[in-house]
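> Here you go, one structure.
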Amino acid sequence: MKTAFMSEENVALFIAKDGAGDILEPLVDALLGKGLTAAEIQGAVAASAERALRISLTDLGLPVSVKRGVMLRTTTVKAEARSVAKKLIQRLTVKI
Numbered sequence: 149m150k151t152a153f154m155s156e157e158n159v160a161l162f163i164a165k166d167g168a169g170d171i172l173e174p175l176v177d178a179l180l181g182k183g184l185t186a187a188e189i190q191g192a193v194a195a196s197a198e199r200a201l202r203i204s205l206t207d208l209g210l211p212v213s214v215k216r217g218v219m220l221r222t223t224t225v226k227a228e229a230r231s232v233a234k235k236l237i238q239r240l241t242v243k244i
């Protein structure tokens, strides 16, 4: 599914990141609501986002290597997962 402006990889990554955020939002909201800080949950949320991204990207037909997992040309799944986690936590953190 290539568009005039985005490659197939970029479209798949956009969809996967949106899906990972939707999946993890209730969890992050609950953890922050229980009093945990953003710093305390950052690593766990990033790891969960990475798993969600890998599943989504594989389902969307991106190439998969046995050793490296999903292969992206412009970034890594781990970097994208950290980005998803950071943005999600920032969005749900109450600023006083």
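In our numbering, the protein residues as written are 149 to 244. Even for Gly, the Cβ is constructed at its ideal location relative to N, Cα and C. The structure presented is a predicted model; accordingly, all values stated were derived computationally and were not measured.
#1: Taking the continuous alpha helix (DSSP H) assigned at Val159, which residues delimit it?
#2: In angstroms, rounded to a whole number, what distance separates the CA positions of Lys235 and Ala160?
#3: Could you pull the DSSP bridge partners for Gly209 from this structure?
#4: Buried or exposed: Glu157, going by 16 or more other Cβ atoms within 10 Å of its Cβ?
#5: Where does Val214 sit, in a helix, a strand or coil, going by DSSP?
#6: Just to confirm, is the Cβ distance from Val232 to Ala187 under 8 angstroms?
#7: Note the first and the last residue of the continuous alpha helix (DSSP H) segment covering Lys226.
#8: Should Leu184 be labelled buried (16 or more other beta-carbon atoms within 10 Å of its own) or exposed?
#9: Give me the residue from Val214, Thr222, Ala164 and Val218 with the minimum Cα distance to Ala197.
On the basis of the supplied data:
#1: Glu156 to Gly181
#2: Between Lys235 and Ala160, the C-alpha separation is close to 19 angstroms.
#3: BP columns for Gly209 are empty, so no partner.
#4: buried
#5: Note: Val214 maps to coil in three-state DSSP.
#6: no
#7: It spans Val225 to Leu240 - the alpha helix (DSSP H) in which Lys226 sits, taken as one unbroken run.
#8: exposed
#9: Ala164
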